[in-house]
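Only one structure is covered here, and it is reproduced in the block below.
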Amino acid sequence: MAQASQRIPAVAGLFYPADPHSLHAQVAGFLAAAMPGEMVAAPKAVVVPHAGYIYSGAVAASAYAELTQRRDTIRRVLILCPTHRVYVRGMAVPAAQSFLTPLGAVAVDREAWLAASSLPGVIVDDQPHAEEHAIEVQLPFLQSTLDHFTILPIAVGDADPAQVAAVLEALWGGPETLIVISSDLSHYHPYRQAQFRDKATITQIRQLDATLDGEQACGAGAINGLLLAARRHHLTPHLLDLRNSGDTAGDRSRVVGYASIAFSDDNNHAHH
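Here it is, written out as structure tokens:
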């Protein structure tokens with residue numbers, strides 16, 4: 427079966443503007459307005475939401491704004507997301523060699539792809555990626571904050587957190603490698619109840635407690651893998667923003683929670 431070498435956008439014009447100029451302007455606006463949260467020393471990993479930009483773009487921007495000082499350093503971005511449409515046992519990397527957005531194409535990192543696809547629990551399949559929005563909506567932010575970078579998109583399905591951590595470990599690299607976990611928090615609770623639930627989830631993440639479930643975060647599998655790896659590498663999570671759709675663009679009867687969290691090695695950075 428012939429595989430397309432390029433993955434075309436599935437949610438341009440739905441989750442974010444399809445017109446490159448409007449998209450560029452919207453992302454630039456979010457980044458300019460991003461309020462610095464806790465100061466973060468060179469984040470190694472970020473957890474960011476993946477709803478339509480009017481709902482979660484401002485929250486995501488608080489993490490991406492932290493990357494601009496490292497736009498020359500970061501060369502490779504591992505992007506992990508849940509699978510919203512296709513059941514995957516384990517994890518899936520795409521056969522596609524690049525992901526297209528209205529801002530241009532982003533190449534899939536060949537070396538990382540070869541390393542990942544040989545690991546236990548990882549399959550090569552374009553299907554989980556074809557209609558999946560959770561990685562796609564991150565790309566215009568990366569294209570707006572980094573200079574030259576490749577990506578490794580990983581759709582995390584029914585996977586053991588230790589297996590996810592093993593993939594991260596194999597591709598950990600140095601300062602040139604950034605990990606992006608695409609995940610929303612609680613789904614469709616009333617506003618106050620969602621705030622309460624999401625705060626509890628954040629507390630668990632701060633404790634590097636890798637037992638999140640899908641009710642707490644749709645990307646729980648990927649986050650748990652990161653938390654195991656973060657513990658091993660002594661990374662500290664910093665909450666940059668925590669809001670929900672009732673704060674941004676939705677009504678408050680049934681909301682979706684969004685957080686931006688950056689993980690950094692706070693003990694080991696040199697002050698130049």
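Residue numbers for the sequence shown follow our numbering, beginning at 427 and rising by one. Backbone N, C-alpha and C define an ideal beta-carbon position, used for all residues, glycine too. Predicted model, so just to flag it, every value in this text is computed and none were measured.
Here DSSP, grouped into helix, strand and coil, assigns Y513 to coil. In the DSSP annotation of this structure, P475 is not part of any beta strand (DSSP E), being labelled neither H nor E. In this structure, the beta-carbon distance from V534 to T576 falls below 8 angstroms. Per DSSP, H450 is one residue of the alpha helix (DSSP H) stretching across 446-459. The beta carbon of A596 lies closer than 8 angstroms to those of A541, A542, L545 in the same chain, with the five residues before and after it left out. A straight line joining the alpha-carbon of L611 with that of A626 spans about 11 angstroms.
About 6 angstroms separates the beta carbons of V519 and V550, which is inside the 8 angstroms limit, making them a contact pair. Within a 10 Å sphere around the beta-carbon of L661 sit 16 or more other beta-carbons, which makes this residue buried.
Relative to the Cα of D573, the nearest Cα in the group L565, G600, I580 belongs to L565. In summary, Q495 is exposed, with fewer than 16 beta-carbon neighbours lying within 10 Å of its beta-carbon over all protein chains present.
Per DSSP, I628 is not a residue of any beta strand (DSSP E); the alpha helix (DSSP H) it occupies stretches across 617-632.
Bounds of the alpha helix (DSSP H) holding L594 are 587-596. One thing to note: I434 has its Cβ within 8 angstroms of the Cβ of L526. According to the DSSP secondary-structure assignment, C644 is paired through a beta bridge with no residue. Cβ-Cβ separation between I607 and P579: approximately 12 angstroms, too far for a contact (criterion under 8 angstroms). Taking C-beta separations shorter than 8 angstroms and ignoring five residues to either side along the sequence, the partners of R658 in its chain run A591, E595, following chain order. According to the DSSP assignment, D667 belongs to the beta strand (DSSP E) that extends over 662-670.
When DSSP states are grouped into helix, strand and coil, I607 belongs to the strand group. Distance between T637 and A477, taken at the CA atoms: about 23 angstroms. About 18 angstroms separates the beta carbon of L668 from that of A656, a gap too long to meet the 8 angstroms contact definition.
Minimum Cα-Cα distance from S482 among the listed residues L654, D635, F441 corresponds to F441.
Here DSSP, grouped into helix, strand and coil, assigns I500 to coil.
The residue from A471, Y614, T629 with its alpha-carbon nearest to that of G651 is A471.
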